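Inspection log for the structure reproduced underneath, given as structure tokens.
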Amino acid sequence: MLSDIISLGPTSLISQYDGGGNFFYMGCLTKDVRGRWPLATTTALNCIISSTTRLAELPIGPFRTKCLIQGLVRAVDTQQCDTLAWIVPRLPIEYALFTDKLSCAVIETGVVSAISYAIPLTRTKKNEAPPAFRVSVENAVRKGHVDAAKFLFTRFADKELRSTVVMTACLEGDDSLVHWCAGAMMSQFPPEATRALVYRGNIDALAWLKTNGKYSYTLMNQTVLYAALGGHVEAVDWVLDNNPGIRYDAGEVCLMVCRKGLLDILKHLVVRRGFWFHATDCIRFAKKGSGIASWLMSRDD
Numbered sequence: 063m064l065s066d067i068i069s070l071g072p073t074s075l076i077s078q079y080d081g082g083g084n085f086f087y088m089g090c091l092t093k094d095v096r097g098r099w100p101l102a103t104t105t106a107l108n109c110i111i112s113s114t115t116r117l118a119e120l121p122i123g124p125f126r127t128k129c130l131i132q133g134l135v136r137a138v139d140t141q142q143c144d145t146l147a148w149i150v151p152r153l154p155i156e157y158a159l160f161t162d163k164l165s166c167a168v169i170e171t172g173v174v175s176a177i178s179y180a181i182p183l184t185r186t187k188k189n190e191a192p193p194a195f196r197v198s199v200e201n202a203v204r205k206g207h208v209d210a211a212k213f214l215f216t217r218f219a220d221k222e223l224r225s226t227v228v229m230t231a232c233l234e235g236d237d238s239l240v241h242w243c244a245g246a247m248m249s250q251f252p253p254e255a256t257r258a259l260v261y262r263g264n265i266d267a268l269a270w271l272k273t274n275g276k277y278s279y280t281l282m283n284q285t286v287l288y289a290a291l292g293g294h295v296e297a298v299d300w301v302l303d304n305n306p307g308i309r310y311d312a313g314e315v316c317l318m319v320c321r322k323g324l325l326d327i328l329k330h331l332v333v334r335r336g337f338w339f340h341a342t343d344c345i346r347f348a349k350k351g352s353g354i355a356s357w358l359m360s361r362d363d
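Each residue of the sequence shown is one higher than the last, beginning at 63 in the numbering used here.
Now the structure itself:
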């Protein structure tokens, strides 16, 4: 019976017993006396998968693979990046583990070594990322995993995934990642990302793009609207002052600002920038409680 128990350390012995799926524990009760008793499968398995030392001592076989898989899932769920990076390269290559769902979970941990191993096992075209990866890389950027985002950006020649990285970086205000994406791989910054910067009022990043010839003039007619809806007076002024001849619908901009209830922005557009507006429509669609309707009605013009 003892020969069927695999040593997993000096003070504990856990293993499948006699091929029957039962787990046994042998611990040091005293210096000279050892005892063993059966434990629940879940308890024993958790004891193994929570320790890379115990996992490393398991002999190659189905039980080891099972423990590695369970350890991987646990590491992903608990965001134990060191454990994840240790387990992934030790999984059997022929084992069909990496579904898109699990690969996405690995991506969101931001562990580049694990991601680089997981992706080749994922069924995907050479340079095209699965759609699910875009959501995962977005979450990775939001969590601050810049290295993982850069790896995926360069790993796939996928326009949608790259745009996702850039858009998320813009919305999260990660200027260093914005600069890296614009400078390293792109000839022109995506127009949607430019709008995102305008919406967030990130004037520094906009000025950097313009200075370095990466600024996108596509969809330029929407930038004034996005700057206004973002609630950033400075962004509105920057767009208008740095893009002479820009075309926009002043009436539409004012109407959308009224709908969102941005009184300060409306005042700036009308009083400081001379925007015209449809008073009746703006009053009708103004957000209730914003004070816009009363301000518009109080104007003599």
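Using N, Cα and C, we set each Cβ at its ideal position, and we do this for glycine too.
Predicted model only: the values in this text are computed from it and were never measured.
Span separating the alpha-carbon of residue i from that of residue j
{"i": "A312", "j": "I354", "result": "17 Å"}
{"i": "I345", "j": "A289", "result": "21 Å"}
{"i": "P213", "j": "R334", "result": "The identity of residue 213 in the sequence shown is Phe, whereas the question assumes Pro. Cα-Cα distance, rounded: 46 Å."}
{"i": "V260", "j": "L268", "result": "8 Å"}
{"i": "R126", "j": "A167", "result": "22 Å"}
{"i": "P154", "j": "H207", "result": "27 Å"}
{"i": "A341", "j": "E314", "result": "12 Å"}
{"i": "R204", "j": "V227", "result": "10 Å"}
{"i": "T115", "j": "Q132", "result": "15 Å"}
{"i": "D139", "j": "A118", "result": "21 Å"}
{"i": "S360", "j": "S352", "result": "14 Å"}
{"i": "L120", "j": "F251", "result": "51 Å"}
{"i": "L324", "j": "I308", "result": "23 Å"}
{"i": "K276", "j": "R152", "result": "43 Å"}
{"i": "T256", "j": "G172", "result": "26 Å"}
{"i": "V199", "j": "F215", "result": "9 Å"}
{"i": "V332", "j": "A348", "result": "15 Å"}
{"i": "S278", "j": "P124", "result": "55 Å"}
{"i": "C143", "j": "K128", "result": "19 Å"}
{"i": "N305", "j": "D343", "result": "28 Å"}
{"i": "C232", "j": "A246", "result": "16 Å"}
Nearest-angstrom beta carbon gap, residue j and residue i [assumed within contact, 8 Å]
{"i": "Y310", "j": "N283", "result": "5 Å"}
{"i": "A210", "j": "I177", "result": "6 Å"}
{"i": "N201", "j": "E170", "result": "5 Å"}
{"i": "A194", "j": "M229", "result": "Actually they do not touch by this definition, with Cβ atoms about 17 Å apart."}
{"i": "I181", "j": "R217", "result": "7 Å"}
Residue i: first and last residue of the uninterrupted alpha helix (DSSP H) it sits in
{"i": "I265", "result": "265–273"}
{"i": "T171", "result": "162–171"}
{"i": "N283", "result": "Note, N283: premise wrong, no alpha helix (DSSP H); not H, not E."}
{"i": "W148", "result": "143–149"}
{"i": "N305", "result": "Unbroken run through N305: none, as it is neither H nor E."}
{"i": "S238", "result": "237–246"}
{"i": "A194", "result": "193–204"}
{"i": "P124", "result": "124–140"}
{"i": "P357", "result": "It is Trp, not Pro, that sits at residue 357 in the sequence shown. First-last of the alpha helix (DSSP H) with W357: 354–360."}
{"i": "F213", "result": "208–217"}
{"i": "S225", "result": "221–234"}
{"i": "K276", "result": "It is not in any alpha helix (DSSP H) - K276 carries neither H nor E in the DSSP assignment."}
{"i": "L328", "result": "325–329"}
{"i": "A255", "result": "253–262"}
{"i": "K349", "result": "Premise fails: K349 is in no alpha helix (DSSP H) and is neither H nor E."}
{"i": "G313", "result": "312–322"}
{"i": "E119", "result": "114–119"}
Under 9 Å between C-beta atoms of residue i and residue j
{"i": "H375", "j": "R262", "result": "This structure cannot settle anything about residue 375, because the visible part of the chain is limited to 63 through 363."}
{"i": "L328", "j": "W357", "result": "yes"}
{"i": "K370", "j": "L302", "result": "The structure shown does not extend to residue 370, since the chain spans only 63 to 363, so no value can be given for it."}
{"i": "I149", "j": "L164", "result": "no"}
{"i": "C316", "j": "W338", "result": "yes"}
{"i": "H330", "j": "V298", "result": "yes"}
{"i": "R196", "j": "L223", "result": "yes"}
{"i": "I271", "j": "A244", "result": "With the sequence shown as reference, residue 271 is identified as Leu, and Ile is not the correct amino acid for it. A contact, by the Cβ cut-off of 9 Å."}
{"i": "S112", "j": "A147", "result": "no"}
{"i": "E190", "j": "S225", "result": "no"}
{"i": "D162", "j": "P192", "result": "yes"}
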